[in-house]
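Numbering (my numbering), first residue to last: 2 to 293.
Ideal Cβ placement from N, Cα and C applies to all residues, glycine included.
Computed from a predicted model, the values in this text were never measured in an experiment.
Worksheet: the structure to be examined is printed underneath.
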Ligand SMILES: NC(=O)c1ccc[n+]([C@@H]2O[C@H](COP(=O)([O-])OP(=O)(O)OC[C@H]3O[C@@H](n4cnc5c(N)ncnc54)[C@H](OP(=O)(O)O)[C@@H]3O)[C@@H](O)[C@H]2O)c1
């Protein structure tokens, strides 16, 4: 990890006793098509990870289910031994089937196996942050998380996990998790156009808990909006990074993990997220989600 020449936008935010850059990187796009198998351009994938570290990013989001077991091994190959400031956040609670689906795997024995595989593949003795992924590919689902979250809390007590989070979770599930063990982050779907978690974000901000939107750029169908393109054009920027600048300004507890398999896009996103939006621009972008 070299010393970055330009500071990343947004500064840092705590994940428990760890500090991470608010501008992070989501590694899901590094696996093959449909997040299955190896990347078409293996050297390119390794280059993106090394560029993330060189930019000064200290938060990389991953999961054993990406590939499966492909992305974690790429991270290890690119960056191990990890520089001290770098923190890897992983997820357990879903596996992959032969059709590329994401069936849940949340029995205690599934979670113990997943944590062991993440440790092996990443080359670590303890995982910095583990998110319990709830719900399914269609979104959140109500219901108690007690059994799986207690199993992870036990692994945390054993020293295999430093901090816990939840993903694809309802506000009720976040609150239930907090009765079992401290929750340092919530990773849910949220972006300019999908604003269902507005109240949850504000509530977590008041508690100093990080909110990490997945699909910050729209995911597999990147955001397209006339208003976004108009603001970007006026500022001479590409549209997608402007959506990141909006997120950084939306709330101080929002951490970014935009995904890309391209070094050029990674650089463009890091630069564009630093755009200082005027109050008028922020309001114009804010309208996109209110209309959706
Ligand atoms: N907890 C969960 O259930 C869950 C679910 C999904 C994702 N995640 C996490 O969230 C992270 C982010 O999600 P994501 O990667 O799926 O979606 P995303 O960050 O919203 O969007 C990624 C897409 O945007 C494109 N892109 C990125 N920068 C661009 C740019 N500057 N210009 C044009 N296109 C650009 C990428 O293509 P290129 O590769 O061509 O740049 C890719 O197709 C993932 O990596 C993963 O770690 C978590």
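Just so you know, the alpha carbons of residue 233 and residue 25 end up roughly 22 Å apart.
If you look at residue 162, you'll find it in the beta strand (DSSP E) that goes 162-168. Membership of residue 128 in the beta strand (DSSP E) is indicated by the continuous run 128-134.
Under DSSP, residue 254 shares a beta bridge with no residue. With respect to residue 122, residue 65 sits close: the two C-beta atoms are nearer than 8 Å. Taken through DSSP and simplified to helix, strand or coil, residue 270 comes out as helix. Pairing residue 238 with residue 276, the inter-Cα distance amounts to about 9 Å. The beta strand (DSSP E) runs of length 3 or more contained entirely in the region 142-224 are, from start to end of the chain, 162-168 and 184-188.
Residue 91 carries a strand assignment under DSSP once its states are collapsed to helix, strand and coil.
CA-CA distance, residue 55 to residue 90, rounds to 18 Å. In this structure, residue 11 places its C-beta atom within 8 Å of the C-beta atom of residue 249. Under DSSP, residue 26 shares a beta bridge with 61. Not one heavy atom of ligand 1 sits closer than 7 Å to the Cβ of residue 254. The shortest CA-to-CA distance from residue 210 to any of 152, 140 and 13 is the one to 13. In this structure residue 79 is buried. Its beta-carbon is surrounded by 16 or more other beta-carbon atoms within 10 angstroms. For residue 13, there is no enclosing alpha helix (DSSP H); the enclosing beta strand (DSSP E) has its first and last residue at 13-16. The shortest CA-to-CA distance from residue 45 to any of 59, 30, 35 and 36 is the one to 30. Residue list for ligand 1: 27, 28, 29, 30, 62, 92, 134, 168, 169, 188, 215, 216, 217, 218, 219, 220, 223, 239, 241, 242, 258, 259, 260, 261, 262, 263, 266, 269 and 270 (CB closer than 6 Å to any heavy atom, chain order).
For the pair residue 58 and residue 174, the Cα-to-Cα distance works out to about 30 Å.
Beta bridge pairing from DSSP links residue 19 with 16. Taken through DSSP and simplified to helix, strand or coil, residue 44 comes out as helix.
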